[in-house]
Amino acid sequence: MKSSKQNSHRQAVSAVNLNGQKPRSRRTRDRAGKKQALILAALKLFASKGYDATTTREIAASAGCAEGLIHRYFNGKAGLLPALMEYRVSQEVADLAHHIPPAPTFEDEYLQLVNWAVKHMWEDREFLRVAIPRALLDPGFGQVLRQVGPLQRARAIGARLKKFRESQALAEEEFDALVQSVSVIGFMFGFMRPAVLRQDRKASTRMAFVIAKRLVRNIPSVDPVHPTARQAALLLS
């Protein structure tokens, strides 16, 4: 009887992961894996062939999945673009939260956020080559693109900057403009200049740093801030 109770306890413990949550079932893991495979296959084909020329059959074949799963998971090809956006943004926000430690000063934090934005816009260049033309043709997708992309990034960036007293001293509109400037600089010098206008990527990154540094230094400091070696290294690595 005692052994039976111990076995039941072990089974209950094994059914809960270290976070106190039940682990995902095999079916759930398979579903997530197939969705990701379809998203990545769609990105590759959209970037190489164009959105309109790519068929769901080609996407499914590239992902090694049944074509019907595209309709089940995404309601067809049109649903893959928002899913692509959500996938990329969730990766970016997770990277910011888990791999970019908060900087000690307001200026350093702003500069490293710009560095992060420039880096990720460059990494997103294949998706942006697909998404931007589609948004121009499809106003509905343009609205989804704005809600999923810039708004989520702005929330993550704003949460980081809001912790500093320099940000708290700004008017709400000024703070919102500061937050948006991170993505604007990132888009221009992480995507437009190097990917579209074919400017040297290192030159684009250096220019982003100069602009960001000039902008952030126009914001009054609450406490005296001494230049650090870290500032000089940001964006130049």
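In this note's numbering, the protein residues as written are 14 to 250. Here a beta-carbon is modelled for each residue, glycine too, at the ideal position from N, C-alpha and C. Only a predicted model underlies this, so the values are computations on that prediction, with no experimental measurement involved.
Here's a check: name, in chain order, each residue in its chain whose Cβ is nearer than 7 angstroms to the Cβ of residue i, leaving out the five neighbours to either side.
| i | result |
| --- | --- |
| F140 | L56, L97 and R101 |
| A225 | Y123, L124, V127 and I198 |
| R147 | Y64, L94 and F154 |
| F87 | L93 and A96 |
| P163 | S196 |
Closer than 8 angstroms by C-beta to residue i: which residues in its own chain qualify, once you throw out the five before and the five after it? Chain order, please.
| i | result |
| --- | --- |
| V252 | Any answer about residue 252 is impossible in this case: the structure gives the chain only from 14 up to 250. |
| Q24 | With a pLDDT of 45 at Q24, under the threshold of 50, the modelled position of that residue is not reliable, and the figure given next carries that caveat. Excluding residues within five positions, none has a Cβ falling inside 8 angstroms. |
| R70 | E80 |
| S75 | A54, K57 and L58 |
Going by Cα to Cα distance, which pick from the options is closest to residue i?
| i | options | result |
| --- | --- | --- |
| S234 | R142, A182, N88 and A79 | A182 |
| V131 | L228, K47 and M205 | M205 |
| A54 | A45, D65 and G77 | G77 |
| L82 | G203, G46 and P115 | G46 |
| T67 | S194, A221 and A91 | A91 |
| A110 | E80, R227, R173 and P207 | R173 |
| F222 | W129, Q156 and R159 | W129 |
| V195 | L150, R227 and V209 | R227 |
With DSSP as the reference, label residue i as helix, strand or coil.
| i | result |
| --- | --- |
| Y100 | helix |
| G153 | helix |
| A79 | coil |
| F177 | coil |
| L183 | coil |
| A66 | coil |
| A50 | helix |
| N88 | coil |
| I170 | helix |
| I72 | helix |
| G199 | helix |
| Q34 | Reliability of the predicted coordinates at Q34 is poor, the pLDDT of 46 falling under 50, and no value is obtained from them. |
So, for residue i: in the same chain, excluding its five sequence neighbours on each side, which residues have a beta-carbon less than 6 angstroms away from its beta-carbon?
| i | result |
| --- | --- |
| V229 | E120 and Y123 |
| G171 | V192 |
TODO: Indicate whether the contact test is met: 3 or more Cβ pairs, each with one atom in the region 114 to 124 and one in the region 175 to 182, closer than 8 angstroms.
DONE: yes
Open item on the list: Check whether the region 164 to 175 and the region 208 to 221 touch, using three or more Cβ-Cβ pairs below 8 angstroms as the test.
Closed with: no
Open item on the list: Quick check: the region 59 to 75 against the region 139 to 155, are at least 3 beta-carbon pairs closer than 8 angstroms?
Closed with: yes
Task: Segments of 4+ residues assigned as alpha helix (DSSP H) that fall wholly inside the region 202 to 242 - done: 214 to 229
Open item on the list: Just to confirm the assignment: which complete alpha helix (DSSP H) runs, minimum length 4, are found wholly within the region 93 to 147?
Closed with: 93 to 112 and 119 to 136
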